[in-house]
Structures are given as structure tokens and as C-alpha cells.
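Under the working numbering, the very last position in the sequence shown is 325; numbers go up by exactly one each time.
C-beta atoms are modelled at their ideal positions from N, C-alpha and C, and glycine is treated no differently.
All values reported here derive from a predicted model rather than from experimental measurement.
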Amino acid sequence: MTTSLTVGISTNDRMLPLLIGDVPTPGLDLTFDRASPIGIFRRALQEGAFDVTEMSFAAYSILMSRGERPFVGIPVFVSRMFRHGCVFVRTDGDIAQPEDLAGARVGIPEYQMTAVVWMRGILDEYHGVDPKGVRWVRGGVNAPGGRGEKMPLRLSDDYDVADLEDRSLNDALAAGEIDAMITTRLPAGLTDGSLKGLFSDVKAAEQAYYAASGIFPIMHLLVLRREVYERDPSLARALYDCFSAAKTASLARLYDIDALSVMVPWLVPEMAASFGVLGQDPWPYGFAANRKDFEVFLTYLERQELLASPLAPEDLFAPELLAT
């Protein structure tokens, strides 16, 4: 018997073998709806648009802690990224090192977005920047008006969160109205030279963080609608297996030097350097290999008072996949 499932996913090399039909999907007939991650998240959260979907790690965890559990997690990580390169400051400003962000005004697109949660946690743990001492300003990165929160924000009065409506975060930072910005979109000020990254050598900073923590931060995971899972729990394993096969095929394709799979001229030496740091599987799926990542991220969410109730890593995923 074949089960038909709709899948909301962004396009990337890990997904490509599935999208073009290069890996088998035994027992599954998958129909892919490709879009930007934020568009997928909103449709999944607000409309229940997909049977299977890429999902913000923060949004999923926060929902679980609130007792709102429309999804079951699958330890397939659609997006991972170090985020030190997402912190920007004014070129002629006073912020010279991460510790200077204590008490600063920091712009963000959304308070609950996964990248911002990770960077708040890292700045807190490694640089002593208490999130409660920062004045957080939400807004659009390069145009006025923010994207808004994916779900209601519930914070105590200990946190200072304001909205910037009439100008972009880029313009506010260039004008000195805020001191820094954490964003996953490159601000326009990088082009005209008014802004720069906080970390002058991003690669060195991120590799130092990895050496200290052993963590390659998870941004997005795969989830299955709970009602679909409860009708057939075996779907969780079937999905895990076919997405894992796609990742394996994609990793192998990177070694094909007959024709480069991505537009990175020095791909092979870049891969060798990355694998030298992260190991031969730089993008691990499964529960056991990523348990520390889950524990640290949940600790960050709890310290930032974004969890309504405590969560353990085991709470996040289908029981059938805890042995992966």
C-alpha cells in the first residue's frame, strides 16, 4: 500500500535527490510544495497546509512546551548554520567585541526565530551578554515593517522588546538608533560600507565555537502532522529513511569532480577543510548524534523564558526514532 503525503520544503542540496526522484521512497508518494522557509512555516502553523513540513526548531519546541502539539518531530535537519556571521554593527560605532552588546539596543526580525535564539544563547553563555539586559528592537531588515512573530510572544516584564515601524533596521543601525542587528538577511549597509560584521573573522569565530561546544546549530527540522502519524506511526521511520538516503546521495555528489554540483570553484579543498573540522558526516541526522544540540538549545529557550514548561530531548521526536 502506498501512502500519499504533501511535503512543504525549501530547495537545497540535501533535499534535491528526493525532489528530482533520484532516491526511492518505498510505500510513499510524496508531493513537494517548495517555497521559502518562512512561507512554509506560516502555512504549516496557520493553515495546517502540509502532511510533512520543514519547521523552525524554535517554533516547534515552543509549541510543544505550550501543550500545542500538532506535529511529531523527525530527526532530519533541513537547515543547520553557525550564526556568528549574522551579527552586524556600525562600521564607525562603539561595538567592537561581543561583550559590548551588554545593555545595547539590538535589532532583530523576530524575537522567537531560531537563529536569534541560538545567538542570544551563545552571547549569554560565551560572552556574558544577559538577554534581559538588552533592548530588543523588532523590524524589517532592509524595509520598514517586520515580518511579525510566527506565534504569540509570551515574555515576562523583565524583557524589553519594542517594534520599529517607520524605518528599516538597516537604516536605524546606520543612524545610530540601535547598536547592532542579528539577522539572517544581509543588510544593505554592507554594500555601502556603513555596516560590518561584528566578528571580523567569522570562520575562525565559528570554528572556535565548534571546538568549544561540539555543536553545529540546528535551525530547521522535519515534522509530520500528528493526526497523520497517529493513523500510521510507521510513516515516521519511512520518512526518516528516505530523507537520510537523499542526504547520503547529496553528500556523494559533492565528490563528483567530473562536474561540480554547486557553484563553488574550490569545492573539493573547501570540503576537505570542513570535513577536517566536522568529520566525514558534517550534517548528521538521527537522535543520538544530535542529543547535545537538543539539550543546549532547550536550555537556551528555557533561560530566555520561551518555554511554557520544561522539555526533554525525547519529547521532541517520534518514539520510534529515538534509537536512530
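| Query | Result |
| --- | --- |
| Can the beta-carbon of residue 82 be found closer than 8 Å to that of residue 218? | yes |
| Check the DSSP bridge columns for residue 151 and list the partner residues they point to. | None, per the DSSP bridge assignment. |
| Would you check if the distance between the CB atom of residue 130 and the CB atom of residue 302 is smaller than 8 Å? | no |
| Between the Cα of residue 49 and those of 77, 227, 202, 181, spot the shortest distance and give me the residue it belongs to. | 227 |
| Enumerate, from N- to C-terminal direction, the unbroken alpha helix (DSSP H) stretches of 4 or more residues contained entirely within the segment 169-194. | 170-175, 190-193 |
| Which residue marks the beginning of the beta strand (DSSP E) containing residue 226, and which one marks its end? | 219-226 |
| Using alpha carbons as the reference points, say which of 287, 145, 139, 55 lies closest to residue 37. | 55 |
| Would you please state the rounded distance, in angstroms, between the beta carbons of residue 224 and residue 74? I believe it to be under 8 Å. | 5 Å |
| Quick check on the burial criterion: 16 or more other C-beta atoms within 10 angstroms. Buried or exposed for residue 128? | exposed |
| Say whether the segment 81-98 touches the segment 60-71, bearing in mind that this needs 3 or more beta-carbon pairs closer than 8 Å, one atom from each stretch. | no |
| Counting only C-beta atoms, is residue 160 closer than 8 Å to chain C at any point? | Considering every chain present, this structure includes no chain C. It has just one protein chain. |
| Grab me the residues of residue 190's own chain with a C-beta within less than 6 Å of its C-beta, minus the 5 sequence neighbours each way, in chain order. | 171, 175, 196 |
| Do three or more CB pairs link the segment 243-256 to the segment 272-287 at distances below 8 Å? | yes |
| Using a Cβ-Cβ cutoff of less than 7 Å, which residues in the same chain neighbour residue 272 once the five nearest sequence positions on both sides are dropped? | 255 |
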